[in-house]
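A.B. asks: Numbered per the UniProt record's numbering, the sequence shown finishes at 329, counting up by one with no gaps. Built from N, CA and C at the ideal position, the CB exists for glycine as well.
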Amino acid sequence: MYTAVTQAEVARQAGVSRTLVSMALSGSPRVAAETRQRIEKVAAELGYTRDLSAATLASASNSPIIGIVAPNFNNPFFQDLIAALDANAEESALLPLVATADNDPAKEANVIRRFRELRVRGLAVFSPGLDRKDLVETGSKIPLVVIGDSDIGGKVDSIRLDEAAAAQSVLEHVRTRGWKEAIYLVDVATEHDRGLDRRRSALAAQATALGVKLDVLEFSSGIDATISHAMANQSQSRTAFICHNDFLSMEVISALRGAGLRVGKDAAVISYDNTRLAAEFAGNFTSVDQKLERQAQAVLELINSRAEYFDREARELVFPPRLVKRSSS
Numbered sequence: 001m002y003t004a005v006t007q008a009e010v011a012r013q014a015g016v017s018r019t020l021v022s023m024a025l026s027g028s029p030r031v032a033a034e035t036r037q038r039i040e041k042v043a044a045e046l047g048y049t050r051d052l053s054a055a056t057l058a059s060a061s062n063s064p065i066i067g068i069v070a071p072n073f074n075n076p077f078f079q080d081l082i083a084a085l086d087a088n089a090e091e092s093a094l095l096p097l098v099a100t101a102d103n104d105p106a107k108e109a110n111v112i113r114r115f116r117e118l119r120v121r122g123l124a125v126f127s128p129g130l131d132r133k134d135l136v137e138t139g140s141k142i143p144l145v146v147i148g149d150s151d152i153g154g155k156v157d158s159i160r161l162d163e164a165a166a167a168q169s170v171l172e173h174v175r176t177r178g179w180k181e182a183i184y185l186v187d188v189a190t191e192h193d194r195g196l197d198r199r200r201s202a203l204a205a206q207a208t209a210l211g212v213k214l215d216v217l218e219f220s221s222g223i224d225a226t227i228s229h230a231m232a233n234q235s236q237s238r239t240a241f242i243c244h245n246d247f248l249s250m251e252v253i254s255a256l257r258g259a260g261l262r263v264g265k266d267a268a269v270i271s272y273d274n275t276r277l278a279a280e281f282a283g284n285f286t287s288v289d290q291k292l293e294r295q296a297q298a299v300l301e302l303i304n305s306r307a308e309y310f311d312r313e314a315r316e317l318v319f320p321p322r323l324v325k326r327s328s329s
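Following this line, the structure appears as structure tokens:
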């Protein structure tokens with residue numbers, strides 16, 4: 001049977017007290033360098049590893065574990081943001097644990113509860129489905145950062161894209177390139193977050209301001225049939241499809257090509273998120289960049305700040321967009 005090496009065993013082998021072992025292995029400056037090196041050598045020889053569960057019993061703020069809750073793993077935006085969080089967490093000696101809520105608020109609540117039971121240092125929740133009052137309640141107990149929503153309240157920090165600026169850049173591009181009409185596509189079967197409403201409102205406002213004709217088309221299945229129906233009902237050619245994310249854009253491009261249309265000439269596709277798909281997918285496509293690397297850094301900074309100063313004011317970070325123009329528009 002496997003038994004973990006304890007600090008007491010390290011202490012006996014090194015000929016020091018367990019308290020001194022604890023101080024040395026936690027990096028206390030009160031331990032002499034020579035003594036620390038001797039203790040670390042013995043610990044390595046014995047195969048000792050730090051007991052995180054014991055450390056977090058004293059205080060969750062001591063935990064290096066960050067809980068990440070994503071609605072699903074299908075959206076490449078979530079995949080890329082998780083990868084960026086993982087890279088930045090490693091630099092800070094933090095360990096991200098990831099779970100999915102399967103677009104189910106009840107499961108999301110359960111995942112959050114389980115993370116709290118693990119005494120994680122803090123939580124990052126992407127595009128939450130939970131009511132804001134439930135998020136406020138969670139944020140009163142543990143550092144919580146929400147990505148993709150705002151105005152949560154309480155102690156909940158939030159990070160989001162500047163939707164008004166993003167909509168302006170998208171629709172100015174539509175107008176400048178001579179596309180006569182724009183259709184904002186919304187996959188209501190898989191996208192349920194509140195960001196959909198905010199993005200739709202921003203696009204509608206900017207379309208009015210810029211004089212661009214914009215329709216909103218909701219669908220729940222059959223992207224090929226949806227695209228065919230949309231093109232058949234357009235009064236003019238040169239339609240620009242605006243997609244909520246890059247995964248949907250990839251499907252729209254495939255549907256357009258399947259219908260014999262030339263993407264970037266007969267119809268445009270403009271997306272949000274600028275994930276790796278936007279640059280790697282055949283022909284690539286125009287997409288709004290959200291500065292994922294900086295968002296990931298901000299998530300960890302906000303969690304660490306809240307862990308240290310729990311009662312500070314909530315912060316909302318709004319990231320400016322950058323429209324990356326490619327051949328699809």
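My understanding is that residue 223 touches residue 181, with C-beta atoms under 8 Å, so please give their C-beta distance in whole angstroms.
C.D. replies: Taking the first residue of the sequence shown as 1, we reach residue 223 at position 223. Taking the first residue of the sequence shown as 1, we reach residue 181 at position 181. Not confirmed; about 19 Å, so no contact.
A.B. asks: What residue range is occupied by the uninterrupted beta strand (DSSP E) comprising residue 161?
C.D. replies: Looking up residue 161 in the sequence shown gives position 161. Note, residue 161: beta strand (DSSP E), 157-161.
A.B. asks: Decide if the region 8-17 is in contact with the region 35-45; the criterion is three or more beta carbon pairs, one per stretch, under 8 Å apart.
C.D. replies: yes
A.B. asks: Apart from the five residues on each side of it in sequence, which residues of its chain come closer than 8 Å, Cβ to Cβ, to residue 79?
C.D. replies: As a first step, residue 79 is located in the sequence shown; it is residue number 79 there, counting from the start. These residues qualify, in order along the chain: 73 and 275.
A.B. asks: Please work out which residues of its chain come closer than 7 Å, Cβ to Cβ, to residue 111, disregarding the five sequence neighbours upstream and downstream, and give them in chain order.
C.D. replies: Here residue 111 corresponds to residue number 111 of the sequence shown, with the count starting at 1. Around residue 111: 69, 99 and 101.
A.B. asks: How about residue 170 and residue 288: are their beta carbons less than 9 Å apart?
C.D. replies: Counting from 1 along the sequence shown, the entry for residue 170 is found at position 170. Counting from 1 along the sequence shown, the entry for residue 288 is found at position 288. Against a cut-off of 9 Å, the Cβ pair of residue 288 and residue 170 comes out as a contact.
A.B. asks: Just verifying my parser: in three-state terms, what is the DSSP assignment at residue 219?
C.D. replies: Looking up residue 219 in the sequence shown gives position 219. Residue state, collapsed to three classes: strand.
A.B. asks: So which of 108, 255 and 64 has the shortest CA-CA distance to residue 88?
C.D. replies: Residue 88 sits at position 88 when you count from the first residue of the sequence shown. Among 108, 255 and 64, the Cα nearest to that of residue 88 is on 64.
A.B. asks: Residues bridged to residue 239 by DSSP?
C.D. replies: If you number the sequence shown from 1, residue 239 lands on position 239. In DSSP, residue 239 forms a bridge with 181 and 267.
A.B. asks: Distance, Cα to Cα, residue 206 vs residue 176?
C.D. replies: Within the sequence shown, numbered from 1, the residue matching residue 206 stands at position 206. Within the sequence shown, numbered from 1, the residue matching residue 176 stands at position 176. Using only the alpha carbons, I get a separation of about 14 Å.
A.B. asks: Just to check my reading of the structure: residue 129 and residue 193 have Cβ atoms closer than 8 Å, yes? What is that Cβ distance to the nearest angstrom?
C.D. replies: Position 129 of the sequence shown, counted from the first residue, corresponds to residue 129. Position 193 of the sequence shown, counted from the first residue, corresponds to residue 193. At roughly 7 Å, the Cβ-Cβ gap stays under 8 Å, so residue 129 and residue 193 are in contact.
A.B. asks: In this structure, how does DSSP classify residue 322 when only helix, strand and coil are distinguished?
C.D. replies: Taking the first residue of the sequence shown as position 1, residue 322 is located at position 322. DSSP places residue 322 in strand when its eight states are reduced to three.
A.B. asks: Is it true that the region 306-318 meets the region 149-165, where meeting means three or more beta-carbon pairs spaced less than 8 Å apart?
C.D. replies: Counting Cβ pairs under 8 Å, three or more are found: they touch.
A.B. asks: Output the boundary residues of the beta strand (DSSP E) element that contains residue 66.
C.D. replies: Here residue 66 corresponds to residue number 66 of the sequence shown, with the count starting at 1. Run containing residue 66: 65-70, per the beta strand (DSSP E) assignment.
A.B. asks: Pick out whichever of 172, 202 and 198 has its Cα sitting closest to the Cα of residue 211.
C.D. replies: To locate residue 211, count along the sequence shown from 1; it is residue 211. It is 172.
A.B. asks: Between the region 236-247 and the region 265-279, can you find at least three pairs of beta-carbon atoms closer than 8 Å?
C.D. replies: Yes, the region 265-279 touches the region 236-247.
A.B. asks: Under a Cβ-count criterion, where at least 16 other Cβ atoms within 10 Å of its own Cβ denotes burial, should residue 221 be classed as buried or exposed?
C.D. replies: As a first step, residue 221 must be located in the sequence shown, where it is residue number 221. It is exposed - the Cβ of residue 221 has fewer than 16 other Cβ atoms within 10 Å.
A.B. asks: Is residue 105 helix, strand or coil by DSSP?
C.D. replies: Within the sequence shown, residue 105 is the residue found at index 105, counting from 1. Here residue 105 sits in helix by DSSP.
A.B. asks: Where does residue 289 sit, in a helix, a strand or coil, going by DSSP?
C.D. replies: Position 289 of the sequence shown, counting from 1, holds the residue named residue 289. Note: residue 289 maps to strand in three-state DSSP.
A.B. asks: The alpha helix (DSSP H) with residue 124 in it runs from where to where?
C.D. replies: Taking the first residue of the sequence shown as 1, we reach residue 124 at position 124. First-last for residue 124: 122-126, but that is the beta strand (DSSP E), not the alpha helix (DSSP H).
A.B. asks: Across which residues does DSSP place residue 273 in a beta bridge pair?
C.D. replies: The sequence position of residue 273 within the sequence shown is 273, counting from 1. Bridge partners of residue 273: 289.
A.B. asks: Going by C-alpha distance, which of 179, 162 and 23 is nearest residue 195?
C.D. replies: One-based indexing of the sequence shown puts residue 195 at position 195. Looking at the Cα atoms, 162 is the closest of the given residues.
A.B. asks: Closer than 8 Å by C-beta to residue 47: which residues in its own chain qualify, once you throw out the five before and the five after it? Chain order, please.
C.D. replies: Within the sequence shown, residue 47 is the residue found at index 47, counting from 1. Closer than 8 Å at Cβ, skipping near neighbours: 5.
A.B. asks: May I ask you to report which of helix, strand or coil DSSP gives residue 152?
C.D. replies: Taking the first residue of the sequence shown as 1, we reach residue 152 at position 152. In this structure, residue 152 counts as coil in the three-state DSSP scheme.
A.B. asks: Rounding to the nearest angstrom, what Cα-Cα distance links residue 27 and residue 115 in this structure?
C.D. replies: In the sequence shown, the residue the question calls residue 27 occupies position 27. In the sequence shown, the residue the question calls residue 115 occupies position 115. Cα to Cα, residue 27 sits roughly 27 Å from residue 115.
A.B. asks: Alpha carbon to alpha carbon, how far is residue 143 from residue 306? Give it in angstroms, no decimals.
C.D. replies: Locating residue 306 in the sequence shown gives position 306, where the first residue counts as 1. Locating residue 143 in the sequence shown gives position 143, where the first residue counts as 1. Their backbone Cα atoms lie some 6 Å apart in a straight line.
A.B. asks: DSSP state of residue 197, grouped into three classes?
C.D. replies: If you number the sequence shown from 1, residue 197 lands on position 197. DSSP, read as helix, strand or coil, puts residue 197 in helix.
A.B. asks: Does the region 130-141 touch the region 287-304, meaning 3 or more C-beta pairs lie closer than 8 Å?
C.D. replies: no
A.B. asks: Exposed or buried, residue 239, counting other C-beta atoms within 10 Å across all chains shown (16 or more means buried)?
C.D. replies: Stepping through the sequence shown from its first residue, residue 239 is reached at position 239. Buried, by the Cβ-count rule.
A.B. asks: Is it the case that the Cβ atoms of residue 108 and residue 76 are separated by a distance below 9 Å?
C.D. replies: For the purposes of this step, residue 108 is taken as residue 108 along the sequence shown, with counting starting at 1. For the purposes of this step, residue 76 is taken as residue 76 along the sequence shown, with counting starting at 1. No, Cβ-Cβ distance for residue 108 and residue 76 is not below 9 Å.
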